[in-house]
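Trainee: Numbering (our numbering) for the sequence shown: 7 to 259. From the three backbone atoms N, C-alpha and C, an ideal C-beta is built for every residue, glycine too.
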Amino acid sequence: MFRQTQIHRQLKPIVNSLAKMKTTVVAGLLIWAVIFPHSVLAQNVLTYKYNNARDGENTNEVILTPANVNSGTFSKWFTYPVDGYVYSEPLYVTNVTIPGQGTHNVVYVTTENDSVYAFDADHNTGPNAGLLWQTNLGIALISTNYGVRYHHNVLNPLIGITGTPVIDPASGTLYVDVFNGTVANTPNGFHTLHALNITNGMEQPYSPVLVQGSVPGTGVDATNGVVTFAPQNHMNRPACALASGILYLSYGS
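Laid out in structure tokens, this is it:
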């Protein structure tokens, strides 16, 4: 876990639900689907499956019904290209003021190429629409050699951002775990936690932070009774989570 007293104000209670959209990713292409009218109000999606219960349930749904979710009214609206595969869930925030570009409903997307995108959620063409900002947060590891050695070869051809980020609306911060390395095609992977301003993609104060830690233990990789986190052996597949002002990151070997 990472206590946020340095870069994060106390988390305020929020209601996360989805009212007008769903997403699919195919070979590095983000596909955005909406129902009509396309300007209906939607609620923020700030974390994986809407809430920390991860139940995927929107208990406040008032728009989608079996009558209007059909091929006549619910379909692909437009697409955005991205630079890598997307394993994380895109997140959504309404009424974000983008410097020099006005106010937008924004969808945030991360890729295995260690990139974070902010797209206009309503239009991909026209004035102030489309890509709002993009930032790359490291050197994604090429999985050809690394993945086979450490059994991460499910992710190909790059291993970068896998777990879904989380957004704190109070501070306007997107938190994301980034797996990267100093040299491609080597097993020197490490994790960094980044806190990005959702309006421009810039690092917030004290960001990034190297993920590290140790606990007492006697496992096969213990040294003098201490087991140290080995970043090259662990992936951040679970989504990031915010609860009671604390940011949680999870890893699986």
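How is the beta strand (DSSP E) around N101 delimited, first residue to last?
Mentor: Translated into the one-based positions of the sequence shown, residue 101 becomes position 95. L97 to I104 is the span of the beta strand (DSSP E), which, as asked, contains N101.
Trainee: For the segment 224-257, which segments carrying the beta strand (DSSP E) assignment without a break, of at least 3 residues, lie completely within its bounds, in sequence order?
Mentor: Taking only runs of at least 3 residues, the beta strand (DSSP E) segments lying wholly in the segment 224-257 are 232-234, 247-249 and 252-254.
Trainee: Rank I165, T141 and G195 by C-alpha distance to the C-alpha of L180 and give the top, closest one.
Mentor: Counted from its first residue, the sequence shown places residue 180 at position 174. Comparing Cα positions, the closest option is T141.
Trainee: Count Cβ pairs between the segment 68-85 and the segment 103-121 that sit closer than 8 Å; are there 3 or more?
Mentor: No, the segment 68-85 does not touch the segment 103-121.
Trainee: Roughly how many whole angstroms lie between the Cα atoms of G225 and Y86?
Mentor: Taking the first residue of the sequence shown as 1, we reach residue 225 at position 219. Taking the first residue of the sequence shown as 1, we reach residue 86 at position 80. Their Cα atoms are separated by approximately 46 Å.
Trainee: Just mark D61 as buried or exposed, buried being the case when its beta carbon has 16 or more other beta carbons within 10 Å.
Mentor: In the sequence shown, residue 61 corresponds to position 55, counting from 1. D61 comes out exposed.
Trainee: Tell me, please, which residues DSSP counts as bridged to W139.
Mentor: Within the sequence shown, numbered from 1, the residue matching residue 139 stands at position 133. Paired residues: A124.
Trainee: Is the Cβ-Cβ distance between V184 and C246 less than 7 Å?
Mentor: Position 178 of the sequence shown, counted from the start, is the residue given in the question as residue 184. Position 240 of the sequence shown, counted from the start, is the residue given in the question as residue 246. Contact: no.
Trainee: Assign M241 to buried or exposed, taking buried as 16 or more other Cβ atoms, counted over all protein chains shown, within 10 Å of its Cβ.
Mentor: For the purposes of this step, residue 241 is identified with residue 235 of the sequence shown, where counting begins at 1. Per the 10 Å Cβ criterion, buried.
Trainee: Is V122 near V112, with beta carbons less than 7 Å apart?
Mentor: Working through the sequence shown from its first residue, we reach residue 122 at position 116. Working through the sequence shown from its first residue, we reach residue 112 at position 106. No; because the gap between Cβ atoms is not below 7 Å, this pair is not in contact.
Trainee: With a cut-off of 8 Å on the beta carbons, I'd call V126 and G166 a contact; round off their distance for me.
Mentor: Position 120 of the sequence shown, counted from the first residue, corresponds to residue 126. Position 160 of the sequence shown, counted from the first residue, corresponds to residue 166. Looking at the sequence provided, one finds Asp at residue 126 rather than Val. At roughly 24 Å, the Cβ-Cβ gap does not stay under 8 Å, so D126 and G166 are not in contact.
Trainee: Contact check, V221 vs L199 under 8 Å by CB: the rounded distance?
Mentor: In the sequence shown, counting from the first residue as 1, residue 221 sits at position 215. In the sequence shown, counting from the first residue as 1, residue 199 sits at position 193. Contact doesn't hold; Cβ gap of about 19 Å is too wide.
Trainee: Can you list, in chain order, the residues of its chain with a C-beta nearer than 6 Å to that of A135? Leave out the 5 residues immediately preceding and following it.
Mentor: Position 129 of the sequence shown, counting from 1, holds the residue named residue 135. Here the set comprises D126 and H129.
Trainee: Using three-state DSSP, classify Y114 as helix, strand or coil.
Mentor: Taking the sequence shown and counting its residues from 1, one reaches residue 114 at position 108. Note: Y114 maps to strand in three-state DSSP.
Trainee: Taking the Cβ atom as the reference point for each residue, do S256 and P244 lie within a distance shorter than 7 Å?
Mentor: For the purposes of this step, residue 256 is taken as residue 250 along the sequence shown, with counting starting at 1. For the purposes of this step, residue 244 is taken as residue 238 along the sequence shown, with counting starting at 1. Taking 7 Å as the Cβ cut-off, S256 and P244 qualify as a contacting pair.
Trainee: Grouping DSSP H, G and I as helix and E and B as strand, with all else coil, what is Y212?
Mentor: Here residue 212 is taken as the residue at index 206 of the sequence shown, counted from 1. Y212: coil per DSSP, three-state reduction.
Trainee: Indicate whether G219 and N186 have their beta-carbon atoms separated by less than 7 Å.
Mentor: In the sequence shown, the residue the question calls residue 219 occupies position 213. In the sequence shown, the residue the question calls residue 186 occupies position 180. Contact: no.
Trainee: Considering just the uninterrupted stretch of the beta strand (DSSP E) at P222, what are its terminal residues?
Mentor: Position 216 of the sequence shown holds residue 222. That run of the beta strand (DSSP E) goes S220 to P222.
Trainee: Would you list, in sequence order, the uninterrupted beta strand (DSSP E) runs of no fewer than 3 residues that lie entirely inside the segment 169-198?
Mentor: As far as the segment 169-198 is concerned, its whole beta strand (DSSP E) runs of at least 3 residues are 172-174 and 179-187.
Trainee: Consult DSSP for P43 and reduce its assignment to one of helix, strand or coil.
Mentor: In the sequence shown, counting from the first residue as 1, residue 43 sits at position 37. Bear in mind that the predicted position of P43 carries a pLDDT of just 41, short of 50, making it unreliable; the figure below should be weighed with that in mind. Three-state result, P43: coil.
Trainee: On the DSSP bridge assignment, give the partners of G108 in chain order.
Mentor: Indexing the sequence shown from 1 puts residue 108 at position 102. G108 pairs with I104.
Trainee: Using CA atoms only, rank isn't needed, just tell me which of V217, E63 and W139 is closest to Y254.
Mentor: Within the sequence shown, residue 254 is the residue found at index 248, counting from 1. Closest by alpha carbon: V217.
Trainee: Give me, in chain order, the residues of the same chain whose beta-carbon lies closer than 6 Å to that of G223; leave out the 5 immediate sequence neighbours on both sides.
Mentor: Counting from 1 along the sequence shown, the entry for residue 223 is found at position 217. Closer than 6 Å at Cβ, skipping near neighbours: V233.
Trainee: Confirm, please, whether the CB-CB distance from V92 to N50 is below 7 Å.
Mentor: Taking the sequence shown and counting its residues from 1, one reaches residue 50 at position 44. Taking the sequence shown and counting its residues from 1, one reaches residue 92 at position 86. Result no, Cβ atoms of N50 and V92 do not sit closer than 7 Å.
Trainee: If you follow the beta strand (DSSP E) that P87 is in, where does it begin and where does it stop?
Mentor: Your numbering for residue 87 matches position 81 in the sequence shown. Start and end: F80 to P87.
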